[in-house]
Amino acid sequence: MKQSQLFTKTRKEAPKDEVSKNAQLLIKAGFVDKEMAGVYSFLPLGLLVLKKIENIIREEMNRAGGQEVLMTVLQDKATWEKTGRWSDDVVDNWFKTKLKSGAELGLGFTHEEVIAKIMKNFVSSYKDLPFYAYQIQTKFRNEQRAKSGLMRCREFLMKDLYSFSKNKEEHEEFYEKMKDVYMKVFDRLGMGEKTYLTISSGGSFSKYSYEFQTLSEAGEDEVYIVDEEKKIAINKDDFNDEILADFSLNLKESELKKVKSIEVGDIYSLGHRFSEAFNLTYKNKEGKEEFVYMGSYGMSPTRLMGAVVELNSDENGIIWPENIAPFTVHLIVLNSKNETANENIIKTAEKIYKDFQEKEIDVFYDDREKSSFGEKLKDADLIGIPIRILITEKTLKEDSVEVKKRNESESKMVKVADVGSVV
RNA sequence: CGGGGCGUAGUGUAACGGCUAACAUGCUCGGUUUGGGACCGAGUGACUCCGGGUUCGAAUCCCGGCGCCCCGACCA
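First residue of the first sequence? That's 2 in our numbering, and the numbers climb one at a time after it.
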């Protein structure tokens, strides 16, 4: 894409109503726009990143056997009353609204009830199990306090996968597998090194569950690191003698390192809670009815985008990991006042731009005529595309372009003819 | 939901209860520049969050709302 055609612009000043690094940088660079607290629009650059994150998640969910669906946002009160979760005393972050008729509806904050109800239509025999369904969809949670930019929103994208198994053993096999699948996603997002499988209390569904916590000062959570090598931690809130005994851990709180972290995923064993509420059963080999054993697995692409920015930036801007950068290459021309030289600069840039496009390399071409080069270079640093290729009168005198990686300080000259080799 | 801070051109800031609400940046036009948001000049842009009150006079003081940020609580 040509930068001259992008409707967003960068800003010099960070917005005064944002303190978090992720929101400041993403707004300054034009990736997102804030509609209100905890509610953000994704602009062209931001959407490119979000789609890449989604696709990584989608690929890994598909590989794990997930089947993608898209469930509804508007949800029937009756469905939720089956589990008692319609009540505001049980769930305090509902957004609720009404039909013209006066009937009450909720805006989905999760989908266990909805999917359990759907599956009644399709599950009847042990031969139907196990299977896994997931979606990537907008969730609404009426947070009492939205904060930290993209990391705690009232409207956000969530990947939620639900597993349907015959019994606990079959469930646990998949549950274990999902730990690796999740870590694979975090690896591909460039945050695997800092992400810990974290033991936590399981809420109302089971005694324990696992969270994935990425170490960062920007996080809301705190974890005790149990094993740095294996990347295991315990959520600070859940650290007690019981949990240590149950996991056969011999640890002293005073000897553990406590680190702030961002919760980037969670996986739950749901057991029969929802299958009982919806009478979701199957016939086993003996012809006896049994309840389906469920699990749920959450991960938010929008929060991940915020987390990636928290982890990857410097004083000049964002440093996108290659896998999810909006573009792979930022091709920048610095125009010359010498007409012949300028023609050559533009001709060379256009050719490289076209070649990259033909090779399906994502290239962002800064073809803007600016009165100062500094502005173009500052923009490039702020936007944070991994590889910067500069074409100027000077570089072309050597028949070359200058190549610099965003995460390195040194640049190198590369012959125009060899420019394809830098990607 | 408790506590604290704040609300002024697109953005960031300023303005004692008193001149036409100022400065920077952005944007437009003209010119000079050309490897880190360069320079000069001329323009453009504000119902000072909303509603009420006090006052001769309110961006400024008071009351009530709404919104934003931070700390805490909360976070199936």
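Beta carbons: idealized from backbone N, C-alpha and C, even for Gly.
Comparing C-alpha positions only, which one of the options sits nearest to residue i?
i: Val20; options: Gln4, Ala38, Leu305, His112; result: Ala38
i: Lys253; options: Val260, Asp242, Asp247; result: Asp242
i: Glu69; options: Asn122, Ser102, Lys195, Tyr163; result: Tyr163
i: Lys237; options: Gln214, Gly47, Glu229; result: Gln214
i: Ala342; options: Asn324, Thr393, Ile235, Asp368; result: Thr393
i: Ser372; options: Ala219, Asn94, Lys338, Asp356; result: Lys338
i: Pro302; options: Trp81, Gly288, Arg153; result: Arg153
i: Glu376; options: Arg12, Phe157, Leu51, Arg86; result: Arg12
i: Gly107; options: Met120, Gln76, Ile119; result: Gln76
i: Lys258; options: Met62, Ala104, Ile244, Lys232; result: Lys232
i: Glu61; options: Lys360, Val40, Met184, Asn336; result: Met184
i: Met159; options: Lys286, Lys52, Lys148; result: Lys52
i: Gly288; options: Asn94, Lys128, Met2, Gln6; result: Lys128
i: Val260; options: Tyr298, Val92, Leu49, Tyr225; result: Tyr225
i: Met2; options: Asp367, Ser276, Arg64; result: Asp367
Using DSSP with H/G/I as helix, E/B as strand and the rest coil, what is residue i?
i: Val70; result: coil
i: His331; result: strand
i: Phe110; result: coil
i: Glu277; result: helix
i: Val265; result: strand
i: Leu257; result: coil
i: Phe206; result: coil
i: Asp400; result: coil
i: Arg189; result: helix
i: Asn37; result: Sequence check: residue 37 is Met here, not Asn. Note: Met37 maps to strand in three-state DSSP.
i: Ser5; result: helix
i: Val309; result: helix
i: Val227; result: strand
i: Gly103; result: coil
i: Lys148; result: strand
i: Glu177; result: helix
i: Lys371; result: coil
i: Ala24; result: helix
i: Ser297; result: strand
i: Lys10; result: coil
i: Ile386; result: coil
i: Gly318; result: strand
i: Thr393; result: coil
i: Val415; result: strand
i: Ala30; result: coil
i: Thr199; result: strand
Since residue i and residue j should fall inside the 8 Å C-beta cutoff, what is the C-beta to C-beta distance between them, to a whole number of angstroms?
i: Ser166; j: Pro131; result: 4 Å
i: Glu177; j: Glu212; result: Wrong, their Cβ atoms sit about 16 Å apart, outside the cutoff.
i: Ile362; j: Thr329; result: 5 Å
i: Ala117; j: Phe279; result: 4 Å
i: Leu478; j: Ile319; result: Nothing about residue 478 can be reported from this structure: the residues present for the chain run from 2 to 424 only.
i: Gly67; j: Ala134; result: 7 Å
i: Ile386; j: Ala326; result: 6 Å
i: Gln4; j: Leu71; result: Contact flag wrong, Cβ pair sits at about 34 Å.
i: Thr111; j: Lys140; result: 7 Å
i: Tyr1; j: Glu171; result: Residue coverage of the chain in this structure runs from 2 to 424, which leaves residue 1 outside it and unanswerable.
i: Ser262; j: Asp228; result: Between Asp228 and Ser262 the Cβ distance is about 15 Å, and since that is not below 8 Å, they are no contact.
i: Ser314; j: Leu26; result: 6 Å
i: Ile58; j: Met414; result: Contact doesn't hold; Cβ gap of about 38 Å is too wide.
i: Leu190; j: Pro322; result: 7 Å
For residue i, which residues in the same chain have their Cβ closer than 6 Å to its Cβ, ignoring the five residues on either side in sequence?
i: Phe206; result: Tyr269, Leu271, Arg274
i: Pro16; result: Ile28
i: Gly150; result: Ser21, Asn23, Ala24, Gly307
Alpha carbon to alpha carbon, how far is residue j from residue i? Give it in angstroms, no decimals.
i: Leu100; j: Thr73; result: 15 Å
i: Ser202; j: Leu250; result: 15 Å
i: Ser126; j: Asp90; result: 37 Å
i: Asp483; j: Thr396; result: Past the boundaries of the shown model lies residue 483; the chain is included only from 2 to 424, so the question cannot be answered.
i: Glu311; j: Thr84; result: 37 Å
i: Glu114; j: Asp161; result: 13 Å
i: Phe96; j: Asn143; result: 6 Å
i: Ala219; j: Thr282; result: 44 Å
i: Phe157; j: Glu230; result: 32 Å
i: Glu411; j: Asn168; result: 57 Å
i: Ala381; j: Thr349; result: 20 Å
i: Phe374; j: Leu245; result: 59 Å
i: Thr199; j: Arg304; result: 18 Å
i: Glu359; j: Ser210; result: 47 Å
i: Phe8; j: Leu49; result: 14 Å
Enumerate in chain order the residues of its own chain whose CB-to-CB distance from residue i is below 7 Å, with the five nearest sequence positions on each side excluded.
i: Lys10; result: Gly31
i: Lys416; result: Asp400, Ser401
i: Phe428; result: Not covered by the structure: residue 428. The range shown for the chain is 2 to 424.
Residues in the same chain with beta-carbon distance under 8 Å from residue i, minus the five sequence neighbours each way, listed in chain order, please.
i: Phe187; result: Gly193, Thr196, Phe213, Thr215, Val265, Gly266
i: Ile388; result: Thr329, Val330, His331, Val404, Lys405, Lys406, Arg407, Val423, Val424
i: Arg86; result: Val92, Glu114
i: Asp247; result: Lys208, Tyr209
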